[in-house]
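In UniProt numbering, the protein residues as written are 1 to 228. Everything below concerns the one structure shown next.
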(Lines of atoms letter the chains of each structure in order from A and count residues from 1; the text may use other names and numbers.)
(Lines give C-alpha, C1' and ligand atoms only; values in the text may rest on other atoms or scores of the structure.)
Protein backbone atom coordinates (compact mmCIF):
# COMPACT_ATOMS: atom_id res chain seq x y z
CA UNK A 1 0.00 0.00 0.00
CA UNK A 2 2.79 2.45 0.85
CA UNK A 3 4.43 1.75 -2.49
CA UNK A 4 1.18 2.23 -4.39
CA UNK A 5 0.35 5.45 -2.53
CA UNK A 6 3.75 6.96 -3.25
CA UNK A 7 3.49 6.13 -6.95
CA UNK A 8 -0.01 7.65 -7.20
CA UNK A 9 1.08 10.81 -5.38
CA UNK A 10 3.89 11.24 -7.87
CA UNK A 11 1.79 10.49 -10.94
CA UNK A 12 -0.25 12.80 -13.12
CA UNK A 13 -3.51 11.75 -11.47
CA UNK A 14 -3.70 11.81 -7.66
CA UNK A 15 -7.52 11.67 -7.56
CA UNK A 16 -7.62 8.11 -6.07
CA UNK A 17 -6.19 9.63 -2.87
CA UNK A 18 -8.53 12.63 -2.66
CA UNK A 19 -10.75 11.02 0.02
CA UNK A 20 -7.73 10.91 2.35
CA UNK A 21 -6.67 14.56 2.19
CA UNK A 22 -7.97 17.98 3.16
CA UNK A 23 -10.94 16.81 5.18
CA UNK A 24 -11.95 16.89 8.81
CA UNK A 25 -11.50 13.17 9.41
CA UNK A 26 -7.98 13.11 7.96
CA UNK A 27 -6.96 16.18 9.98
CA UNK A 28 -8.30 14.62 13.18
CA UNK A 29 -6.47 11.38 12.41
CA UNK A 30 -3.20 13.26 11.96
CA UNK A 31 -3.59 15.05 15.29
CA UNK A 32 -4.36 11.81 17.11
CA UNK A 33 -1.41 10.02 15.54
CA UNK A 34 0.94 12.91 16.36
CA UNK A 35 -0.14 12.81 20.00
CA UNK A 36 0.15 9.02 20.13
CA UNK A 37 3.62 9.03 18.57
CA UNK A 38 5.24 11.88 20.47
CA UNK A 39 2.84 13.75 22.73
CA UNK A 40 4.15 12.24 25.97
CA UNK A 41 7.70 11.40 24.91
CA UNK A 42 9.42 14.14 26.93
CA UNK A 43 7.52 13.24 30.10
CA UNK A 44 8.64 9.62 29.91
CA UNK A 45 12.24 10.50 29.01
CA UNK A 46 12.55 12.78 32.03
CA UNK A 47 11.49 9.98 34.40
CA UNK A 48 14.87 8.25 34.30
CA UNK A 49 18.35 9.55 35.18
CA UNK A 50 19.78 7.45 32.35
CA UNK A 51 17.65 9.12 29.68
CA UNK A 52 16.67 12.61 30.82
CA UNK A 53 19.76 14.22 29.28
CA UNK A 54 20.29 11.70 26.47
CA UNK A 55 19.19 14.22 23.83
CA UNK A 56 17.12 17.36 23.35
CA UNK A 57 13.81 15.64 23.98
CA UNK A 58 11.68 18.68 23.31
CA UNK A 59 13.31 19.11 19.90
CA UNK A 60 12.76 15.43 19.05
CA UNK A 61 9.15 15.58 20.22
CA UNK A 62 8.52 18.67 18.09
CA UNK A 63 10.14 17.08 15.03
CA UNK A 64 8.11 13.88 15.34
CA UNK A 65 4.87 15.77 15.85
CA UNK A 66 5.59 18.03 12.88
CA UNK A 67 6.51 15.10 10.64
CA UNK A 68 3.34 13.20 11.51
CA UNK A 69 1.17 16.28 11.00
CA UNK A 70 2.77 17.62 7.83
CA UNK A 71 4.50 14.87 5.86
CA UNK A 72 2.49 13.22 3.11
CA UNK A 73 4.81 10.48 1.90
CA UNK A 74 2.05 8.07 0.94
CA UNK A 75 -1.28 6.60 2.03
CA UNK A 76 -0.91 5.33 5.60
CA UNK A 77 -3.12 2.98 7.59
CA UNK A 78 -2.84 5.04 10.78
CA UNK A 79 -3.17 2.26 13.37
CA UNK A 80 -1.00 -0.55 12.08
CA UNK A 81 -0.30 -3.01 14.86
CA UNK A 82 -0.66 -6.72 15.55
CA UNK A 83 -4.11 -6.32 17.12
CA UNK A 84 -5.52 -5.03 13.84
CA UNK A 85 -4.48 -8.05 11.79
CA UNK A 86 -6.76 -11.06 11.43
CA UNK A 87 -5.21 -14.38 10.47
CA UNK A 88 -6.89 -17.08 8.38
CA UNK A 89 -5.28 -20.51 8.67
CA UNK A 90 -5.86 -23.67 6.70
CA UNK A 91 -8.52 -26.05 8.10
CA UNK A 92 -5.85 -28.11 9.87
CA UNK A 93 -4.31 -24.97 11.37
CA UNK A 94 -0.85 -25.53 9.93
CA UNK A 95 -0.74 -23.12 6.96
CA UNK A 96 -1.32 -19.39 6.65
CA UNK A 97 -3.93 -18.68 3.98
CA UNK A 98 -4.60 -14.95 4.29
CA UNK A 99 -4.07 -11.89 6.45
CA UNK A 100 -6.71 -9.19 6.85
CA UNK A 101 -5.86 -5.67 8.08
CA UNK A 102 -8.85 -4.08 9.86
CA UNK A 103 -9.74 -0.81 11.62
CA UNK A 104 -9.05 1.81 8.96
CA UNK A 105 -10.68 4.91 10.46
CA UNK A 106 -7.28 6.66 10.86
CA UNK A 107 -6.22 6.10 7.22
CA UNK A 108 -4.72 9.26 5.74
CA UNK A 109 -1.84 10.67 3.75
CA UNK A 110 1.09 10.71 6.12
CA UNK A 111 4.56 9.59 7.15
CA UNK A 112 5.30 5.99 6.20
CA UNK A 113 7.65 5.54 9.16
CA UNK A 114 4.80 6.07 11.61
CA UNK A 115 3.00 2.96 10.31
CA UNK A 116 6.21 0.94 10.16
CA UNK A 117 7.40 2.09 13.57
CA UNK A 118 4.11 1.29 15.29
CA UNK A 119 4.05 -2.28 14.00
CA UNK A 120 7.74 -2.80 14.73
CA UNK A 121 7.20 -1.48 18.26
CA UNK A 122 4.28 -3.79 18.99
CA UNK A 123 6.21 -6.77 17.64
CA UNK A 124 9.23 -5.75 19.72
CA UNK A 125 7.08 -5.70 22.85
CA UNK A 126 6.26 -9.36 22.28
CA UNK A 127 9.92 -10.10 22.94
CA UNK A 128 9.51 -8.96 26.53
CA UNK A 129 7.67 -12.20 27.23
CA UNK A 130 10.37 -14.89 27.65
CA UNK A 131 8.27 -17.53 25.88
CA UNK A 132 7.77 -15.19 22.90
CA UNK A 133 11.28 -13.81 22.60
CA UNK A 134 12.33 -15.73 19.49
CA UNK A 135 8.99 -15.38 17.66
CA UNK A 136 9.03 -11.67 18.49
CA UNK A 137 12.51 -11.25 17.02
CA UNK A 138 11.50 -13.16 13.91
CA UNK A 139 8.39 -11.02 13.47
CA UNK A 140 10.25 -7.70 13.72
CA UNK A 141 13.15 -8.71 11.50
CA UNK A 142 11.04 -10.38 8.81
CA UNK A 143 8.59 -7.47 8.75
CA UNK A 144 11.27 -4.80 8.28
CA UNK A 145 13.20 -6.84 5.73
CA UNK A 146 10.06 -7.71 3.74
CA UNK A 147 8.88 -4.10 3.82
CA UNK A 148 12.19 -2.88 2.42
CA UNK A 149 12.18 -5.59 -0.26
CA UNK A 150 8.61 -4.83 -1.34
CA UNK A 151 9.38 -1.13 -1.77
CA UNK A 152 12.26 -1.94 -4.11
CA UNK A 153 10.18 -3.92 -6.59
CA UNK A 154 9.72 -2.67 -10.14
CA UNK A 155 11.34 0.08 -12.18
CA UNK A 156 10.59 2.77 -9.61
CA UNK A 157 11.68 0.68 -6.64
CA UNK A 158 14.89 2.53 -5.83
CA UNK A 159 13.14 5.91 -5.75
CA UNK A 160 10.27 4.55 -3.66
CA UNK A 161 12.59 2.93 -1.11
CA UNK A 162 14.77 6.05 -0.90
CA UNK A 163 11.71 8.08 0.06
CA UNK A 164 9.78 5.67 2.25
CA UNK A 165 12.38 3.48 3.98
CA UNK A 166 13.85 6.01 6.40
CA UNK A 167 15.77 4.10 9.11
CA UNK A 168 16.18 7.19 11.30
CA UNK A 169 12.46 7.97 11.30
CA UNK A 170 11.54 4.31 11.76
CA UNK A 171 13.87 4.02 14.76
CA UNK A 172 12.50 7.21 16.33
CA UNK A 173 8.86 6.16 15.84
CA UNK A 174 9.52 2.63 17.10
CA UNK A 175 11.36 3.84 20.18
CA UNK A 176 8.76 6.47 21.01
CA UNK A 177 5.89 3.99 20.76
CA UNK A 178 7.64 1.41 22.93
CA UNK A 179 8.71 4.01 25.50
CA UNK A 180 5.15 5.22 26.03
CA UNK A 181 2.90 2.23 25.32
CA UNK A 182 5.39 -0.28 26.69
CA UNK A 183 4.81 1.28 30.08
CA UNK A 184 1.11 2.07 29.78
CA UNK A 185 0.08 -1.13 28.02
CA UNK A 186 -1.44 -4.03 29.89
CA UNK A 187 1.26 -6.70 30.14
CA UNK A 188 -0.15 -9.52 32.17
CA UNK A 189 2.58 -11.33 34.07
CA UNK A 190 5.37 -8.87 33.25
CA UNK A 191 6.96 -7.17 36.29
CA UNK A 192 6.90 -3.38 36.37
CA UNK A 193 10.70 -3.21 36.47
CA UNK A 194 10.80 -5.14 33.19
CA UNK A 195 8.50 -2.54 31.63
CA UNK A 196 10.67 0.28 32.94
CA UNK A 197 13.82 -1.36 31.58
CA UNK A 198 12.23 -1.78 28.16
CA UNK A 199 11.13 1.84 28.15
CA UNK A 200 14.66 3.05 28.81
CA UNK A 201 16.12 0.89 26.02
CA UNK A 202 13.54 2.37 23.65
CA UNK A 203 14.31 5.92 24.76
CA UNK A 204 18.00 5.41 24.05
CA UNK A 205 17.08 4.29 20.52
CA UNK A 206 15.11 7.53 20.15
CA UNK A 207 18.07 9.54 21.40
CA UNK A 208 20.48 7.78 19.06
CA UNK A 209 18.19 8.61 16.14
CA UNK A 210 19.02 12.29 16.71
CA UNK A 211 22.75 11.58 16.34
CA UNK A 212 22.69 9.86 12.96
CA UNK A 213 23.15 6.36 14.38
CA UNK A 214 20.76 4.82 11.82
CA UNK A 215 21.38 7.11 8.86
CA UNK A 216 22.11 5.33 5.59
CA UNK A 217 22.41 1.89 7.20
CA UNK A 218 19.25 0.31 5.80
CA UNK A 219 17.58 -2.64 7.45
CA UNK A 220 20.78 -3.80 9.14
CA UNK A 221 21.02 -0.47 10.89
CA UNK A 222 17.75 -1.29 12.63
CA UNK A 223 19.01 -4.59 14.02
CA UNK A 224 18.97 -3.12 17.53
CA UNK A 225 15.19 -3.15 17.37
CA UNK A 226 14.88 -6.91 17.06
CA UNK A 227 18.03 -7.70 19.01
CA UNK A 228 16.90 -5.41 21.83
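We put the CB at the ideal spot given by N, CA and C, even for glycine. Remember, predicted model here, so these are calculated numbers, not experimental data.
Per-residue DSSP class, three states only, for residue 152: coil
Distance between beta carbons of residue 151 and residue 161, contact taken as under 8 Å: 4 Å
Boundaries (first-last residue) of the beta strand (DSSP E) holding residue 89: 85 to 89
Residue 41 beta carbon less than 8 Å from that of residue 176: The answer is yes: Cβ separation under 8 Å.
Assigned secondary structure, residue 58 (DSSP; H/G/I helix, E/B strand, else coil): Shown here, residue 58 sits in a helix according to DSSP, grouped into three states.
One or two residues paired with residue 101 in a DSSP bridge: 85
Neighbourhood of residue 235 by C-beta, 8 Å cutoff - its chain only, sequence neighbours within 5 removed: Shown here, the chain extends from 1 to 228; a query on residue 235 therefore has no answer.
Straight-line gap, residue 22 to residue 52 (C-alpha atoms, nearest Å): 37 Å
Given 8 Å, three or more beta-carbon pairs between the segment 99 to 110 and the segment 28 to 35: The segment 99 to 110 vs the segment 28 to 35: in contact.
Any 3 or more C-beta pairs closer than 8 Å across the segment 130 to 149 and the segment 209 to 228: Touching, per the Cβ criterion.
Alpha-carbon to alpha-carbon, residue 96 and residue 46: 43 Å
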